[in-house]
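Engineer: After the structure tokens below, expect a handful of questions from me.
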Amino acid sequence: MDLREYRASPSEQQRTADLLRMMPATGTRALDIGARDGHFSVLMAGRFDDVVALDLILPEISHPKVRCVQGDAAELPFDDGAFDLVFCTEVLEHIPPAVLPKVCREIERVASQRILIGVPYKQDLRAGRTTCRSCGKKNPPWGHVNAFDERRFAELFPSCRLAATSFVGASKTRTNWLSAALMDFAGNPYGTYSQEEGCIYCGQHLIPPPGRTFSQRLATRCATWSGKFSEMFATPHGNWIHLDLRKADAQR
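Quick look at the structure:
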């Protein structure tokens, strides 16, 4: 799925609408971390006087109120408290776990008032795994290397208070160690191979297994039934969580 198709999907439109609902109606300066195609940067430009769109690869966004910057979220090239709002969605789940606390500290540092975060909620990173055909290692679905809930954010953003939380979509996707192990043995044929993210270990493009042995097909069937058993007892929860965080020293 390309980005235009993705942005037009009902689930993404619902997520966009919810983030805009939580976003300030007006402001002076805003930072969009992980801007990619500039979808949210342009929407933010309708509310803020100046928007900085940052990504690892220099974004290409043509808008008079959007300034594109190439940069790393772990070392943001901005002064303390430089932005009224720091916006970060579809990013933190991809950050290497060892670097994640530093990225969150940088977000806190450059925000003067508000931080708006969007990430998958309580995602079971064993479900939908892929196997890299180049290096043979197992990858989490969609390149997501972190899972989040409210307690995790309290740890990652200690100088902020949670002003509002919102959930979008619903999910009860869940597996167990036996199902995950059987799928690994089978080569993870039902993994998220349509993702644009490459292998988190070697960077190569992920492709589904070309074929499976009889034992791998049997393992796949057993894994599927075992996973369905886990989902029978799973409690549905939001697919995405959106958090409005306020700096502790900012005015309410």
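Under my numbering, the first residue of the sequence shown is numbered 23, with each subsequent residue one higher. Note that the Cβ used here is the ideal one computed from N, Cα and C, for glycine as well.
1. Would you kindly report the start and end of the unbroken beta strand (DSSP E) that includes R263?
2. Quick check on DSSP: helix, strand or coil for L228?
3. By Cβ distance, which residues of its chain are closer than 7 Å to S237, with the 5 residues on each side in sequence left out?
4. Could you check how far apart the C-beta atoms of E253 and R174 are, in whole angstroms? I think they sit under 8 Å.
5. Take every Cβ of the stretch 197-206, pair it with every Cβ of the stretch 242-262, and state whether three or more of those distances are shorter than 8 Å.
6. E130: buried (16+ other C-beta within 10 angstroms of its C-beta) or exposed?
7. Would you report the Cα separation of D40 and L138, rounded to the nearest angstrom?
8. For L80, name the three-state secondary structure that DSSP assigns.
9. Between V132 and F109, what straight-line distance do the alpha-carbon atoms span, to the nearest angstrom?
10. Strictly by DSSP, which residues pair up with E161?
11. Look at H259 and K144 and say whether their C-beta atoms are less than 9 Å apart.
12. Could you tell me the alpha carbon to alpha carbon distance between T246 and T214, rounded to whole angstroms?
13. Measuring CB to CB, does Q135 end up less than 9 Å from R43?
14. For K194 versus A95, is the C-beta spacing smaller than 9 Å?
15. What whole-angstrom Cβ distance do D77 and R58 have, given they're in contact under 8 Å?
Structural biologist: Let me spell this out:
1. It should be pointed out that residue 263 corresponds to Ile in this sequence rather than to Arg. Per DSSP, I263 belongs to the beta strand (DSSP E) from 262-269.
2. Coil.
3. Closer than 7 Å at the Cβ level, and outside the excluded window around S237, lies no residue.
4. The C-beta distance from E253 to R174 rounds to 23 Å, too long to fall under 8 Å, and the pair is not in contact.
5. Verdict: yes, contact present.
6. The residue in question, E130, is buried, as its Cβ has 16 or more Cβ neighbours within 10 Å.
7. When rounded, the distance between both Cα atoms is 11 Å.
8. Of the three classes helix, strand and coil, the one that applies to L80 here is coil, per DSSP.
9. Going from the Cα of V132 to the Cα of F109 covers about 11 Å.
10. Reading the sequence as shown, one finds Asn at residue 161 and not Glu. Secondary-structure assignment with DSSP links N161 through a beta bridge to T152.
11. For H259 and K144, yes; Cβs fall inside 9 Å.
12. So the alpha carbons of these two residues sit roughly 15 Å apart.
13. It is not a contact, given that the beta carbons lie outside the stated cut-off.
14. No, the pair does not count as a contact, with Cβ atoms beyond the cut-off.
15. D77 to R58, Cβ: 6 Å. Contact.
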